[in-house]
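These protein sequence lines map, in sequence, to chains A, B, C and D.
Per full-length UniProt numbering: the first sequence ends with 228, consecutive numbering throughout.
Per full-length UniProt numbering: the second sequence ends with 738, consecutive numbering throughout.
Per full-length UniProt numbering: the third sequence ends with 86, consecutive numbering throughout.
Per full-length UniProt numbering: the fourth sequence ends with 86, consecutive numbering throughout.
Here's the structure, in structure tokens; my notes come after.
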Amino acid sequence: MKAAVISFPGSNCDLDLQWAVQQIAGADCELIKQDQTDLSSYDVVMVPGGFSYGDYLRSGAIARFSPVMTALKDFADAGGYVLGVCNGFQILTEAGLLPGALQWNRDLNFICEPVTLTVDRADTAFSNQYQVGEQLTLPIAHGEGNYYADPETLAALEANGQVVFRYADNPNGSVHDIAGVTNAAGNVLGMMPHPERAVEALLGGTDGLGVFHSLIQQTKGADIRGAR
Amino acid sequence: MAHVEMSPTAIAEKKSYLDLGLTEAEYDRFTELIGHQPNDTEIGLASGMWSEHCAYKYSKPILRQFWTKNERVLMGPGEGAGVIDIGEGKAVVFKAESHNHPSAVEPYEGAATGVGGIIRDIFSIGAKPVAMLDSLAFGDLNQPHTQHLVDRIVAGIGGYGNAIGIPTVGGETNFDGSYTRNPLVNAMCVGIMDKDQIQKGKAAGVGNALIYVGAKTGRDGINGASFASSEFSDDEAADRSAVQVGDPFMEKLLMDACLEITQQHQQALVGIQDMGAAGLVSSSVEMAGKANSGMALDLDLIPQREANMTPFEIMLSESQERMLLCVRAGFEQEVLDVFAAYDLDAAVVGHVIDGHQYKLYHHGKLVCDVPVSSLTDDAPVYEQEAKIPEHLANPAPDFDPIVTDPVATWKAMMAMPTIADKSSLYRRYDAQVQTNTVVLPGSDAAVIRVRGTHRALAMTTDSKGRYLYLDPQVGAAMSVAEAARNLVASGAEPLGITDCLNFGDPTKPEAFYELAEAAKGIIQATKAFNAPVISGNVSLYNETNGHAIYPTPMIGMVGLIEDLSTITTAAFKHADDLIYLVGETHGDFNGSELQKLQTGGVSGRLFDFDLEAEQTNQAFVLSAIRQHLVTAAHDLSDGGLLVALAEMGFANGLGAKIKVTLPTSWGFSETQGRFLMTVAPENQAAFEALNGPAKLIGHVQAAPEFDVTTVSHHFSVALGQLQTAFEEALPWYMNQKA
Amino acid sequence: MFKAKVYVTYKPSVLDPKAEVIKTALSRMDYHNVADVLYGKYFELKLSGTEAAVRKQVDTICDQLLANVNMETYRFDLEPITEDEA
Amino acid sequence: MFKAKVYVTYKPSVLDPKAEVIKTALSRMDYHNVADVLYGKYFELKLSGTEAAVRKQVDTICDQLLANVNMETYRFDLEPITEDEA
Ligand SMILES: Nc1ncnc2c1ncn2[C@@H]1O[C@H](COP(=O)(O)OP(=O)(O)O)[C@@H](O)[C@H]1O
Ligand SMILES: [Mg+2]
Numbered sequence: 001m002k003a004a005v006i007s008f009p010g011s012n013c014d015l016d017l018q019w020a021v022q023q024i025a026g027a028d029c030e031l032i033k034q035d036q037t038d039l040s041s042y043d044v045v046m047v048p049g050g051f052s053y054g055d056y057l058r059s060g061a062i063a064r065f066s067p068v069m070t071a072l073k074d075f076a077d078a079g080g081y082v083l084g085v086c087n088g089f090q091i092l093t094e095a096g097l098l099p100g101a102l103q104w105n106r107d108l109n110f111i112c113e114p115v116t117l118t119v120d121r122a123d124t125a126f127s128n129q130y131q132v133g134e135q136l137t138l139p140i141a142h143g144e145g146n147y148y149a150d151p152e153t154l155a156a157l158e159a160n161g162q163v164v165f166r167y168a169d170n171p172n173g174s175v176h177d178i179a180g181v182t183n184a185a186g187n188v189l190g191m192m193p194h195p196e197r198a199v200e201a202l203l204g205g206t207d208g209l210g211v212f213h214s215l216i217q218q219t220k221g222a223d224i225r226g227a228r
Numbered sequence: 001m002a003h004v005e006m007s008p009t010a011i012a013e014k015k016s017y018l019d020l021g022l023t024e025a026e027y028d029r030f031t032e033l034i035g036h037q038p039n040d041t042e043i044g045l046a047s048g049m050w051s052e053h054c055a056y057k058y059s060k061p062i063l064r065q066f067w068t069k070n071e072r073v074l075m076g077p078g079e080g081a082g083v084i085d086i087g088e089g090k091a092v093v094f095k096a097e098s099h100n101h102p103s104a105v106e107p108y109e110g111a112a113t114g115v116g117g118i119i120r121d122i123f124s125i126g127a128k129p130v131a132m133l134d135s136l137a138f139g140d141l142n143q144p145h146t147q148h149l150v151d152r153i154v155a156g157i158g159g160y161g162n163a164i165g166i167p168t169v170g171g172e173t174n175f176d177g178s179y180t181r182n183p184l185v186n187a188m189c190v191g192i193m194d195k196d197q198i199q200k201g202k203a204a205g206v207g208n209a210l211i212y213v214g215a216k217t218g219r220d221g222i223n224g225a226s227f228a229s230s231e232f233s234d235d236e237a238a239d240r241s242a243v244q245v246g247d248p249f250m251e252k253l254l255m256d257a258c259l260e261i262t263q264q265h266q267q268a269l270v271g272i273q274d275m276g277a278a279g280l281v282s283s284s285v286e287m288a289g290k291a292n293s294g295m296a297l298d299l300d301l302i303p304q305r306e307a308n309m310t311p312f313e314i315m316l317s318e319s320q321e322r323m324l325l326c327v328r329a330g331f332e333q334e335v336l337d338v339f340a341a342y343d344l345d346a347a348v349v350g351h352v353i354d355g356h357q358y359k360l361y362h363h364g365k366l367v368c369d370v371p372v373s374s375l376t377d378d379a380p381v382y383e384q385e386a387k388i389p390e391h392l393a394n395p396a397p398d399f400d401p402i403v404t405d406p407v408a409t410w411k412a413m414m415a416m417p418t419i420a421d422k423s424s425l426y427r428r429y430d431a432q433v434q435t436n437t438v439v440l441p442g443s444d445a446a447v448i449r450v451r452g453t454h455r456a457l458a459m460t461t462d463s464k465g466r467y468l469y470l471d472p473q474v475g476a477a478m479s480v481a482e483a484a485r486n487l488v489a490s491g492a493e494p495l496g497i498t499d500c501l502n503f504g505d506p507t508k509p510e511a512f513y514e515l516a517e518a519a520k521g522i523i524q525a526t527k528a529f530n531a532p533v534i535s536g537n538v539s540l541y542n543e544t545n546g547h548a549i550y551p552t553p554m555i556g557m558v559g560l561i562e563d564l565s566t567i568t569t570a571a572f573k574h575a576d577d578l579i580y581l582v583g584e585t586h587g588d589f590n591g592s593e594l595q596k597l598q599t600g601g602v603s604g605r606l607f608d609f610d611l612e613a614e615q616t617n618q619a620f621v622l623s624a625i626r627q628h629l630v631t632a633a634h635d636l637s638d639g640g641l642l643v644a645l646a647e648m649g650f651a652n653g654l655g656a657k658i659k660v661t662l663p664t665s666w667g668f669s670e671t672q673g674r675f676l677m678t679v680a681p682e683n684q685a686a687f688e689a690l691n692g693p694a695k696l697i698g699h700v701q702a703a704p705e706f707d708v709t710t711v712s713h714h715f716s717v718a719l720g721q722l723q724t725a726f727e728e729a730l731p732w733y734m735n736q737k738a
Numbered sequence: 001m002f003k004a005k006v007y008v009t010y011k012p013s014v015l016d017p018k019a020e021v022i023k024t025a026l027s028r029m030d031y032h033n034v035a036d037v038l039y040g041k042y043f044e045l046k047l048s049g050t051e052a053a054v055r056k057q058v059d060t061i062c063d064q065l066l067a068n069v070n071m072e073t074y075r076f077d078l079e080p081i082t083e084d085e086a
Numbered sequence: 001m002f003k004a005k006v007y008v009t010y011k012p013s014v015l016d017p018k019a020e021v022i023k024t025a026l027s028r029m030d031y032h033n034v035a036d037v038l039y040g041k042y043f044e045l046k047l048s049g050t051e052a053a054v055r056k057q058v059d060t061i062c063d064q065l066l067a068n069v070n071m072e073t074y075r076f077d078l079e080p081i082t083e084d085e086a
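As structure tokens, this is what we get:
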């Protein structure tokens, strides 16, 4: 698997994602800038967490005007795999690559803590190493992670089985306890919890590794170092 | 509120320098030093540079006595931050800074810009910031004003740290009435670097350029340094001009760009310093002073956000997110290009010149021409008079607690705001970004691994204002000891400390006495734990309407763990592990949380402190941990033995059964130098063979229940009951109406 | 030259947590005569061009940047200003 | 019954990082005719009472709650509304 992580000005989980994919999951992973316009050499492009452009207007709102986003749209349209984590998820919704929007957490406070997720779909490019119903512990760290979609969109999401992860105990007010959702085609996933923060036992758990192993499995080729 | 310029004669006649915080004697001294009547700009610079914040004019005689060097210290106080060797080619850099006054006026931005400021100190040394800690003190939490301050200050710290991507991994939150109008907001930042890349804030080499980078200068926070060096009164609460808005996005770019320069453009860089208190003047003149250089700046080249700023305003503005670099002649473009790639405003604004004068030009006119030393080394230093405060000269009688219902007291103690769970606050901080945090907030010290080595760093902040109020010297030594105890419980060996000395008005003999005595205690204890002071900060005038805070030195300590497998946390791990109490317990209650619970305050003579026993106990605990004989360790501090025991049980829902030969009330005594540890049954013999100062008092049990036998009582309580009291106290208080 | 005053608010169907917090705060301040609170963002932009062009442009800026139309709505007023006011 | 429209913006001397970032975004969208951006908050409150009382109350609410007077200024308009509109 050849992956890239897009580093926007203000991204701050870019190096963490790269570390998880490269040092821990053992796949190729490059950091690229927001002005990159050609993504054709990658299997997977990841949009990291952080505060792109300070998140000053709305989280993710400004990043979507970066040159790389046009390329990312083409990449996704062509079937490339796109993973957005936290701010990455927010950027993907702002850019229209994923449905819905992320609103301020129900209690208006930033929340950093481990949460329990339930795997809803184990047949996606991002979750094929998990079992349906499996419970995962992943950290969240966000102020605007309260997923919102209007009723029709929501009904369509559920009907198409686009919800991949749900909160077991909803921390932020997200509709239908949605923690991670794909586009209709299933090749773009956005999730608020941070899988890259749960890949080493030393740091408290390895439940997030499955996301990266799933992508490696999906894109074949690369060998998986250290089974889940 | 724009600044109106006055002529040198008008300044002398109208004595307008008095409004800037300079005395007549200081005005005369400055006039003599510079050899002419100071003009408006010059007197403004003096007021900033001669403030306590920049010149340490009252605290210097105290700070000089600190113990600042051992074999590991690479750089002590004097630069942006201190540096200590941690082996394997790496060094740790750390410093703490207070932002008490700004946070009292505007809690969110005051706290946020405090975080921003301390981060700049760390990366100006060339270190990558890897962790933040925050030490907070507030008034009583049943006051709506306090609730508001807690909410906004915590939001501000998180707002900045979370956005810039530095994990906030620890800290402390204390509550006492003395902080009602003067909350303490001390932020500490820790960085890691290759030990051969240390940068200094100096401007040397005639012809070398000064490059300004970062946010444009505006009229925000003008002369905040002298603002922070005076007391509050009710009128000044309405003085709302000294507020800046933090921009963590800008600082992230600035940090990344500056680190790129310190790491990859070393041949271009002579020196680098952040613009903190007294903004452009302090950073530039200090850089010249350290290299014994002269300097000329052209103020028209300073990036400005507002029109028609006067030299006074430009030089004393405390706009945030700015840095000053001295760059070798010929390399200017190379450095400007790096900044341009990050979309940052940067400009060459001046040069190092021959001689020792500090010259400023504005619209082609020379507006300041003074010796560099008149603003730095020649600033006044005062030896103050010290006088023992009345409550120390004639202490109240000893407090002797009576505990008739042990379970009720235990629950009430768990809910004391200073003791209660702080997770509702620290969950608002990203503690994990950068993915190095091994021990999260909630245990004793936080632990960060050092990438590229087998090592980890443990870090903590501790302050004990209540103890210092009853005995500043012993209380300060206890603060250092508690910090060390927290590190040791995590498996770390203390490396060094940074401090924020939060005190009252130093011109009052009683307040100065407290400061001088506290320093003595810090010196004794730092030597005892081989943890020199490598950096720090002073915040005086923490008074409102004449009422000072408790004297509160904040101790930030960093320790080294050489082997990741020896990292230890406070949580019980397994049922049947044996519980040992390390250290002697006495009836030590004056200044304790139990005294506060039962009497509403603290009074009397502070209980004794056996520094030697503390050293012995810490050495024993560390050695047992390093031999892998310990499954959990927790230091005893606020609330003593029973509080610590309960805290150890909460994380994994494990109870305990213990028996102690102490009176029940002594279960809440705060005798120093103690730990609780657990040892797996199979290691009992090996552990006891160490012959340490540890006594077996019971064991961990699977049942979520604590069962305690003392000489006077036998009682048991469900873990859940104590945990509810512990966890719900802060959220409950925060929702109280007046 | 025109000044555009832009108002961005949540769609009525979206619960706005910030407005809720303000309501709670008002009732803590014992203001029980406040019936309703709406919270939004307010922008002023100064733009040059013909009125029609500016109107179209502001609409695009709102739609793509200033509001997230998945959960927010916007409206704006244009008023002509002189160069001095700009 | 009155509707109060409240505008809260930064004081002119305070740096507004949000407005700066919006300006950057507009120039990336190739809108070079936008001269200036102001970013603020907008509130609508509905309140009952006499005009004078309501005016005084809204002023207090702004000063103590809606605006942070350390760095923001506010202004508001009051308009009478009927019970139906409320
Ligand atoms: N303001 C804060 N920010 C971050 N962490 C905090 C804060 N207040 C308390 N904590 C964390 O809560 C835990 C308990 O704090 P404290 O009771 O002060 O510990 P100790 O008594 O061991 O010094 C620690 O892990 C500490 O880092
Ligand atoms: Mg402790």
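A virtual CB, placed ideally from N, CA and C, is assigned to each residue, including glycine.
Inset, instruction - Return the CA-CA distance between D430 of chain B and V447 of chain B, expressed in angstroms with no decimal places. - result: Counting from one through the second sequence, the residue named residue 430 of chain B turns up at place 430. Counting from one through the second sequence, the residue named residue 447 of chain B turns up at place 447. Approximately 15 Å between the Cα atoms of the pair.
Inset, instruction - Check whether the stretch 56-72 of chain C touches the stretch 141-155 of chain A, counting contact only when three or more Cβ pairs, one atom from each stretch, lie closer than 8 Å. - result: Taking 8 Å as the limit for Cβ pairs, the verdict is that the stretch 141-155 of chain A does touch the stretch 56-72 of chain C.
Inset, instruction - Tell whether a beta-carbon distance below 8 Å holds between N109 of chain A and R428 of chain B. - result: Residue numbering aside, residue 109 of chain A sits at position 109 when the first sequence is read from its first letter. Residue numbering aside, residue 428 of chain B sits at position 428 when the second sequence is read from its first letter. Result yes, Cβ atoms of N109 of chain A and R428 of chain B sit closer than 8 Å.
Inset, instruction - Report the rounded CA-to-CA distance for G720 of chain B versus R28 of chain C, giving the unit in angstroms. - result: Reading the second sequence from its first residue, position 720 is the one you call residue 720 of chain B. Reading the third sequence from its first residue, position 28 is the one you call residue 28 of chain C. Each residue's alpha carbon lies about 32 Å from the other.
Inset, instruction - Could you spell out the range, first to last residue, of the alpha helix (DSSP H) harbouring I555 of chain B? - result: Taking the second sequence and counting its residues from 1, the one referred to as residue 555 of chain B is at position 555. Premise fails: I555 of chain B lies in the beta strand (DSSP E), 552-561, not in any alpha helix (DSSP H).
Inset, instruction - Provide the residue span of the alpha helix (DSSP H) that contains C54 of chain B, from first to last. - result: As a working note, residue 54 of chain B is residue 54 in the second sequence. DSSP places C54 of chain B in the uninterrupted alpha helix (DSSP H) bounded by 52-55.
Inset, instruction - Return yes when the Cβ of P67 of chain A is within less than 8 Å of the Cβ of I140 of chain A, no when it is not. - result: To locate residue 140 of chain A, count along the first sequence from 1; it is residue 140. To locate residue 67 of chain A, count along the first sequence from 1; it is residue 67. No.
Inset, instruction - Just the chain A side, please: which residues come within less than 8 Å of K18 of chain D by C-beta, in chain order? - result: Residue 18 of chain D sits at position 18 when you count from the first residue of the fourth sequence. Simply G54, Y56, L57.
Inset, instruction - Examine chain B for any beta-carbon lying closer than 8 Å to the beta-carbon of S48 of chain D, and answer yes or no. - result: If you number the fourth sequence from 1, residue 48 of chain D lands on position 48. No, because no Cβ of chain B sits closer than 8 Å to the Cβ of S48 of chain D.
Inset, instruction - Determine the direct distance from the alpha carbon of T631 of chain B to that of L642 of chain B, and round the result to whole angstroms. - result: Taking the first residue of the second sequence as position 1, residue 642 of chain B is located at position 642. Taking the first residue of the second sequence as position 1, residue 631 of chain B is located at position 631. Here the alpha carbon of L642 of chain B sits roughly 19 Å from the alpha carbon of T631 of chain B.
Legend entry - For L133 of chain B and G126 of chain B, the rounded distance between their alpha carbons: For this step, residue 126 of chain B is matched to residue 126 along the second sequence. For this step, residue 133 of chain B is matched to residue 133 along the second sequence. Going by the C-alpha atoms only, they are around 20 Å apart.
Inset, instruction - Evaluate contact between the stretch 74-84 of chain A and the stretch 101-119 of chain A, counting only Cβ atoms and requiring at least three cross-stretch pairs below 8 Å. - result: Counting Cβ pairs under 8 Å, fewer than three are found: no touch.
Legend entry - Under 9 Å by beta carbon: chain C residues contacting V37 of chain D: Looking up residue 37 of chain D in the fourth sequence gives position 37. V37 of chain D reaches chain C at F43, E44, L45, K46, counting residues in chain order whose Cβ is nearer than 9 Å.
Legend entry - Inter-residue CB distance, L316 of chain B and V281 of chain B (contact presumed, cutoff 8 Å): Here residue 316 of chain B refers to the residue found at position 316 when the second sequence is read from its first residue. Here residue 281 of chain B refers to the residue found at position 281 when the second sequence is read from its first residue. About 6 Å; that satisfies the 8 Å criterion.
Inset, instruction - Return the bridge partner residues of K46 of chain D from the DSSP annotation. - result: As a first step, residue 46 of chain D is located in the fourth sequence; it is residue number 46 there, counting from the start. Answer is C:D36, D:K3, bridged to K46 of chain D.
Legend entry - Top-ranked residue by Cα proximity to A278 of chain B, from B:A633, B:G221, B:E79, B:Q736: What you label residue 278 of chain B is simply residue 278 of the second sequence in a count that begins at 1. Checking every option, the nearest Cα to that of A278 of chain B belongs to B:G221.
Legend entry - Euclidean distance between Cα positions of G276 of chain B and P417 of chain B: The residue labelled residue 276 of chain B in the question sits at position 276 within the second sequence. The residue labelled residue 417 of chain B in the question sits at position 417 within the second sequence. Each residue's alpha carbon lies about 33 Å from the other.
Inset, instruction - Please list the partners that S13 of chain D has in chain B, where partner means a Cβ-to-Cβ separation under 7 Å. - result: Here residue 13 of chain D refers to the residue found at position 13 when the fourth sequence is read from its first residue. Within chain B, the residues placing a beta-carbon under 7 Å from that of S13 of chain D are G218, R219, D220, E306, ordered along the chain.
Inset, instruction - List the whole-angstrom C-beta distance separating residue 749 of chain B from S124 of chain B, where the pair is believed to meet the contact cut-off of C-beta under 8 Å. - result: Outside the displayed range of chain B (1 to 738) lies residue 749 of chain B, so it cannot be described from this structure.
Legend entry - Three-pair Cβ contact test at 8 Å for the stretch 524-540 of chain B versus the stretch 560-573 of chain B: Cβ pair count under 8 Å is below three, so no.
Legend entry - Separation of V407 of chain B from Y733 of chain B, as counted between CA atoms: Translated into the one-based positions of the second sequence, residue 733 of chain B becomes position 733. Translated into the one-based positions of the second sequence, residue 407 of chain B becomes position 407. Each residue's CA atom was taken as its position, placing Y733 of chain B and V407 of chain B some 21 Å apart.
Inset, instruction - Please name the residue, chosen from B:D176, B:P129, B:V115, that lies closest to I153 of chain B on a Cα-to-Cα basis. - result: Residue 153 of chain B sits at position 153 when you count from the first residue of the second sequence. Nearest of B:D176, B:P129, B:V115 to I153 of chain B, Cα basis: B:V115.
Legend entry - Pair within 8 Å by beta-carbon distance, P17 of chain D and Y56 of chain A: For this step, residue 17 of chain D is matched to residue 17 along the fourth sequence. For this step, residue 56 of chain A is matched to residue 56 along the first sequence. Yes, the pair counts as a contact, with Cβ atoms nearer than the cut-off.
Legend entry - Contact belief for G491 of chain B with I567 of chain B at Cβ below 8 Å, rounded distance in angstroms: The residue labelled residue 491 of chain B in the question sits at position 491 within the second sequence. The residue labelled residue 567 of chain B in the question sits at position 567 within the second sequence. With a Cβ gap of about 5 Å, G491 of chain B and I567 of chain B count as contacting.
Legend entry - Interface flag, M255 of chain B vs chain D, CB-CB below 8 Å: The residue given as residue 255 of chain B occupies position 255 in the second sequence. Chain D, which has no Cβ nearer than 8 Å to the Cβ of M255 of chain B, makes this no.
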